[in-house]
Structures are given as structure tokens and as C-alpha cells.
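Colleague:
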Amino acid sequence: MFVLNPSDCLTGSSKMSSGVADFQDCVNAIEIVDINKSGLQFTWTKTPRERFLIQKSKINWLKEGDRNSAFFHKSLKCRLNRHRVNIVLDENGNWKRGKDVPVKFVEHFKSFLGLEVNVQNMDNFESLFQNKLDSADALNMVRVVTDEEIKKAMFDIDNNRAPGPNDNGKYTSIWHDYWHPSGIIGNYINRRIRFVEGYNDQSSVENLRVNGDISWPHNWVVVFPGLLEQPICEGNLNEEDCILWKDIKGNFGPFSSKLVWDTIHPQDDNVSWYNIVWYSNNIPNHVFVLWIVVNERLKTQVRVKMWVKSRNLTCAFCKLVPDSHEHLFFNCAFTGRIWDHVRKIARLHNLPIGWMDIINFFSNHIKGKSLDCIIKRLCLTYTVFCIWKERNIRLFQKMESIELNIIKEVEGIIRLKLLGMNFPFSKGNAGICKNWGIKRLKNWPEEDSSTSFDPNGISSNRLV
Numbered sequence: 001m002f003v004l005n006p007s008d009c010l011t012g013s014s015k016m017s018s019g020v021a022d023f024q025d026c027v028n029a030i031e032i033v034d035i036n037k038s039g040l041q042f043t044w045t046k047t048p049r050e051r052f053l054i055q056k057s058k059i060n061w062l063k064e065g066d067r068n069s070a071f072f073h074k075s076l077k078c079r080l081n082r083h084r085v086n087i088v089l090d091e092n093g094n095w096k097r098g099k100d101v102p103v104k105f106v107e108h109f110k111s112f113l114g115l116e117v118n119v120q121n122m123d124n125f126e127s128l129f130q131n132k133l134d135s136a137d138a139l140n141m142v143r144v145v146t147d148e149e150i151k152k153a154m155f156d157i158d159n160n161r162a163p164g165p166n167d168n169g170k171y172t173s174i175w176h177d178y179w180h181p182s183g184i185i186g187n188y189i190n191r192r193i194r195f196v197e198g199y200n201d202q203s204s205v206e207n208l209r210v211n212g213d214i215s216w217p218h219n220w221v222v223v224f225p226g227l228l229e230q231p232i233c234e235g236n237l238n239e240e241d242c243i244l245w246k247d248i249k250g251n252f253g254p255f256s257s258k259l260v261w262d263t264i265h266p267q268d269d270n271v272s273w274y275n276i277v278w279y280s281n282n283i284p285n286h287v288f289v290l291w292i293v294v295n296e297r298l299k300t301q302v303r304v305k306m307w308v309k310s311r312n313l314t315c316a317f318c319k320l321v322p323d324s325h326e327h328l329f330f331n332c333a334f335t336g337r338i339w340d341h342v343r344k345i346a347r348l349h350n351l352p353i354g355w356m357d358i359i360n361f362f363s364n365h366i367k368g369k370s371l372d373c374i375i376k377r378l379c380l381t382y383t384v385f386c387i388w389k390e391r392n393i394r395l396f397q398k399m400e401s402i403e404l405n406i407i408k409e410v411e412g413i414i415r416l417k418l419l420g421m422n423f424p425f426s427k428g429n430a431g432i433c434k435n436w437g438i439k440r441l442k443n444w445p446e447e448d449s450s451t452s453f454d455p456n457g458i459s460s461n462r463l464v
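In this text, residue positions in the sequence shown follow full-length UniProt numbering: the first is 1, and each later residue adds one.
(1) Could you tell me the boundaries of the beta strand (DSSP E) in which I87 lies?
(2) I'd like to know if the segment 361 to 377 and the segment 272 to 282 are in contact, where contact means that at least 3 CB-CB pairs between them fall below 8 Å.
(3) State the CB to CB distance for the pair V384 and V293, rounded to an integer number of angstroms; the pair is presumed to be in contact (CB under 8 Å).
(4) Which one or two residues does DSSP pair with P217 in a beta bridge?
(5) Output the residue ranges of the alpha helix (DSSP H) runs that lie fully inside the segment 345 to 419 and measure 4 residues or longer, sorted by chain position.
(6) Should residue 471 go down as buried or exposed, given a rule of 16 or more other Cβ atoms within 10 Å for buried?
(7) Suppose the cutoff is 8 Å on Cβ atoms and the five residues either side in sequence are ignored; what does the same chain contact list for residue 469 look like?
(8) Assuming the contact rule is C-beta atoms closer than 8 Å, I189 and V223 should be a hit. Round their C-beta distance to whole Å, please.
(9) By a C-beta neighbour count over all protein chains shown, 10 Å radius and 16 as the cutoff for buried, is G437 buried or exposed?
(10) State the DSSP-derived secondary structure class of W444, mapped to helix, strand or coil.
(11) If you draw a straight line from the alpha carbon of L228 to that of G183, how long is it in whole angstroms?
(12) For I413, which residues of its own chain have a beta-carbon under 6 Å away from its beta-carbon, when the five flanking residues on both sides are left out?
(13) With distances taken between CB atoms, is the gap from I335 to F317 smaller than 8 Å?
(14) Where in the UniProt domain "Reverse transcriptase zinc-binding" (255 to 339) do unbroken runs of the beta strand (DSSP E), each at least 3 residues long, occur, reported from the N-terminal end onward?
(15) How long is the line joining the alpha carbons of K398 and H325, rounded to whole angstroms?
(16) Below 8 Å on the Cβ atoms is my contact criterion, and I expect R394 with L328 to pass it. Report the Cβ-Cβ distance as a whole number of Å.
(17) Can you tell me which of the three DSSP states F105 falls into?
(18) Tell whether a beta-carbon distance below 8 Å holds between N187 and R194.
(19) Use the C-beta contact count for L10: other C-beta atoms within 10 angstroms, 16 or more gives buried, fewer gives exposed.
(20) Alpha carbon to alpha carbon, what distance is there between K249 and S459?
(21) If you draw a straight line from the alpha carbon of Y367 to that of K151, how long is it in whole angstroms?
(22) Once DSSP output is grouped into helix, strand and coil, what is the label at H180?
(23) Are the CB atoms of I359 and C386 nearer to each other than 8 Å?
(24) Does the beta-carbon of E91 have 16 or more other beta-carbons within 10 angstroms, so that it is buried, or is it exposed?
(25) Output the boundary residues of the alpha helix (DSSP H) element that contains L139.
(26) Roughly how many angstroms lie between the CA atoms of R84 and L115, to the nearest whole one?
(27) Would you give the residue range spanned by the alpha helix (DSSP H) that K427 belongs to?
(28) Whose C-beta lies closer than 6 Å to the C-beta of E400 among residues of the same chain, with five residues either side of it excluded?
(29) Based on Cα-Cα distance, which residue from N86, P352 and R440 lies nearest to L419?
(30) Pick out whichever of S204, V144 and P181 has its Cα sitting closest to the Cα of Y171.
(31) Going by DSSP, what residue range makes up the alpha helix (DSSP H) through residue 465?
(32) Starting from W95 and walking both ways along the beta strand (DSSP E), at which residues does that stretch end?
(33) What residue does the beta strand (DSSP E) around K246 start on, and which one ends it?
(34) Using a Cβ-Cβ cut-off of 7 Å (strictly less than) and excluding sequence neighbours within five positions of I432, which residues of its own chain qualify?
(35) Distance check for W216 and N285, CA to CA, integer angstroms please.
(36) Cα separation between P445 and I338?
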């Protein structure tokens, strides 16, 4: 049992506890009369769950509410039931319940929607409308709405409903809005200290301003010295409040989805091979396969054998051993011949044999944005993609292509990609294009060339 007035206590200390004092402040704020009845137990602290339920049930409780979640749950259920059709009566006088209700609705509308029927002309429409507005109310409905009326309607929206416009801290809560670098101020300053200094739960940041500057009460600073940090909203009083985002480095900037992603997404160090996979002029689905291969995450037979032990799995090309990343790229005799042909066209000399050695070679030596570097990356990307695609076709569709067709496919993709590029004309770039059987790029001047372009073939100056 507790009492709101110390004089009501017959025995013991007459000192009021801080909890009771906070409760009395709340009772005074919401204008409840103390009827001097003992034994009444009040609960007035509103949790985030209760605040959510208040918004969902559309009921204005006391300013601080009562922690009666059963009441709010019942309100939610009543609201849902008001919008639910549980039973309908069909044209034969039969009641339909449960799952038959939506079926009956569909049958009802199917019976006349989309059908041609004869209708009767109606001359007197006045009889259809029994309730009408008088002329004064009708004119009032179509008059021009003033800015003051719009502002009043927006500002009258409760805090638990849609937010109103913010400007100069007038509608920014001291306690519940994230406007200070330290976070939510209500987590650090309890309600007792707030009311002692003359503030309440509805106080806004504007109430803290004295001559345009934030002035913190001394007792608040003693309890939480972090208040003296520069607040976010400090600025020109003539400017409206805006939403800022604080990144992982502590910098503030205009809110954007990119900043949110950069903050919540784990930031790892750059890998050495990033320039092999992520570069301009690539084809996304081809590069995605290369990215999986570099991370050694393809579902090769070596990995599948951990779950499927009874099957005899062998490489789809050589039929000798189960395929793996190292075997497919490019230790297998079949894939090795394809890669040897493509790398010679791309002028990739002195290239190591192992897959990871090839990746390290590209990471250390194939850099920059020149046409030569991009062509070499494209050769690796498209060769890996075509080999993996051919491997899956052989295993799952039981169809095979010869080496020459796979090489033609790789060359055709690279040639078509070259035709869409914009690189300045130079002898080096012209030599690269000529090596791939291309006369010129689209932004080059017209010149005679003895080399013709066949998208589906191989240029005449090379042998398979």
C-alpha cells in the first residue's frame, strides 16, 4: 500500500519515495482526482509493446496509459472482427460459414459480372438520394482549404499516429526522439528529475532553448555529463529539422539507403583478386560465376561426394577423376586445351598452370583499365563461364559440344563485347582488335582493313 500525501500516513516515515513522487506527478499531469482511498495499486509505465498496441488499437488511453495488455488485445480483436464477414445468407436462404463464405462471394459476382443484361432507363434520380447537404454545407465542402487549416490538422495528430512536420525543435521530443549524439535522452534522465526542473513528458527541444541556444538544467548535467556534447539539432532557428544518419565513423549526413547499408553491412578488407572480378565492361552473370569459382564455392563433384557416397562421380570431360575447382580450371586435358587457345589469342604468356596461381598472376600483373587488361580479364571470365555451363549441360542434359564450338562461343562473346566498347584509337588498340578479327571499334574513324569480322567464326589469321 502507498499514499500520495505523506499526511495520510499514520505510522512510519512521512518522507515520500521517489517512485511515489513520480506517480503523483503523473496523476497531477493527467488531472486525476485523489479520492484518498488506500490500497489502490496503479501502474502507469508504458512499455514499447504497450505503445505499439495503443497505436494498433486506435484507443487514446491515459497520457501514460495503464499496463493492461489484455484490454488492448481485446480492442485489436474487436477491430478485426468489425471488418470480417463470418456468415452470409445465399439466395436460397442457406447460411454459409467458414471457408464457404469467400466461395459464395465469388459465385455471386460471377453470376452477373461480364454479362449483358437489359436495364431500365431512370428519369428521376432525385429519389435515389434521401440525405442531402444544404447549399451552405455543400459550398463549404468544395471551398479552398487554407494553409492554417492544413497546419492545424497536421499538428493535431497524436504522437502515436503519423508524425507531424518538424521545425526548429518545436515538435522534436526531448526524451523520445534521437536528436542528441548520446542517443535517446529519456534513457539517461529519469522522470523525477524532469519534473523537478519544470519539464514534462511532452516537452520539446524548443523548450530547452534560451536566446536560441540549448540550455541544460544543472541537475541534468550532474546526472549525465554527456548532455554537453554538441546536439544534432543545433543550428539556424529559421531552418526546419531534418533527418540525419550517423555512419560507423561518427559522421552525420543526409539520410539515404546507401548510408544505412554501409553502416549495417559488415565491412571486410579488400581481397587481392577484387580487380579480376569487379571491373567495368563485364557481363554480370558471367562475373558472378567467376566470383563463386574464386571463392571455391561451386558445387563440384568433390564437394558433392561428402553427401552422395554411393555414386561413382567422374569429370564430365575426361571421365577420369571427380571434378574440382583445380581440375576444371584448368588441369583437365579438355578444359586445358580450351584455355591454352584463348590465352594465346589474349597474349597471356608465361602464365602459371594451377588455378590459384593464375588468380595470383592476374591480381599482380593484370591491372589498370586499358583495353588489353580488360580483354585479358574477359578471356578468363568467359572461359570459366563457358566451361562450367558445358559441364552442367553434359551432366544434366546429356548433350556435348566439341572443343571448337566452345572456343567459338568464347571468342564470339568477347568480339561482341569489343564492338560495344568505347576506347580511343591507337596502334596498340587497333592491333588487339585485329587479333580478335575486328576491323574497328564503334567510335573509331572509318579505315580500310583486310580483316573481316565473322561473329560466329574464327578470324583467318589464327589456327585452332
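Think of the CB as a built atom: it goes at the ideal place given N, C-alpha and C, for glycine as much as any other residue.
Modeller: According to the data block:
(1) Counting along the chain, the beta strand (DSSP E) containing I87 begins and ends at I87 to L89.
(2) A contact exists between the segment 361 to 377 and the segment 272 to 282.
(3) Confirmed, about 6 Å.
(4) Within the DSSP secondary-structure output, P217 pairs in no beta bridge.
(5) Listed in chain order, they are 355 to 365, 371 to 396 and 403 to 419.
(6) Only positions 1 to 464 of the chain appear in the structure, and residue 471 is not among them; the question remains open.
(7) Since the first residue shown for the chain is 1 and the last is 464, residue 469 is missing from the structure and cannot be characterised.
(8) Between I189 and V223, the beta carbon gap of about 6 Å places them in contact (Cβ cut-off 8 Å).
(9) Buried is the call here.
(10) Per DSSP, reduced to three states, the secondary structure at W444 is coil, with no helix or strand assignment.
(11) Taking the straight line joining both Cα atoms gives about 13 Å.
(12) Spatial neighbours of I413 in its own chain (CB-CB distance under 6 Å, excluding positions within 5 residues in sequence) are listed in chain order as Y382.
(13) One point to set straight first is that residue 335 is Thr, not Ile, in the sequence displayed. In contact: T335 and F317 (Cβ atoms closer than 8 Å).
(14) Counting whole runs of 3 or more residues, the UniProt domain "Reverse transcriptase zinc-binding" (255 to 339) contains no beta strand (DSSP E) stretch at all.
(15) Those two C-alpha atoms are separated by around 21 Å.
(16) With 8 Å as the limit, R394 and L328 do not qualify as a contact, their Cβ atoms being about 12 Å apart.
(17) Looking at F105 - three-state DSSP - the assignment turns out to be helix.
(18) In this structure, R194 does not lie closer than 8 Å to N187 by Cβ.
(19) Confidence at L10 is low in this model, with a pLDDT of 41, below 50, so its placement is unreliable and no value can be given for it.
(20) Residue placement at S459 cannot be trusted, given a pLDDT of 39 that sits under 50; what the coordinates show is reported in the next sentence. Distance from the CA atom of S459 to the CA atom of K249, rounded to whole angstroms, is 54 Å.
(21) The question names Tyr, but residue 367 is Lys in the sequence shown. Whole-angstrom Cα-Cα distance: 59 Å.
(22) Note: H180 maps to strand in three-state DSSP.
(23) The Cβ atoms of I359 and C386 lie no closer than 8 Å to each other.
(24) Exposed, since its Cβ has fewer than 16 Cβ neighbours within 10 Å.
(25) Here the alpha helix (DSSP H) through L139 covers S135 to M141.
(26) In this structure, the CA atom of R84 is about 29 Å from the CA atom of L115.
(27) Taken as a continuous stretch (DSSP letters only), the alpha helix (DSSP H) holding K427 covers K427 to N435.
(28) The beta carbon of E400 is closer than 6 Å to those of R394 in its chain, skipping five residues each way along the sequence.
(29) Looking from the CA of L419, the closest CA among N86, P352 and R440 belongs to R440.
(30) Measuring from the Cα of Y171, the nearest candidate turns out to be S204.
(31) In the structure displayed, the chain extends from 1 to 464; residue 465 sits before or after that span and is not available.
(32) Where W95 is concerned, the enclosing beta strand (DSSP E) stretches over W95 to R97.
(33) L244 to K246 is the span of the beta strand (DSSP E), which, as asked, contains K246.
(34) Result list for I432: L371, D372 and I375, in chain order.
(35) About 57 Å.
(36) In a straight line, the C-alpha of P445 is about 34 Å away from that of I338.
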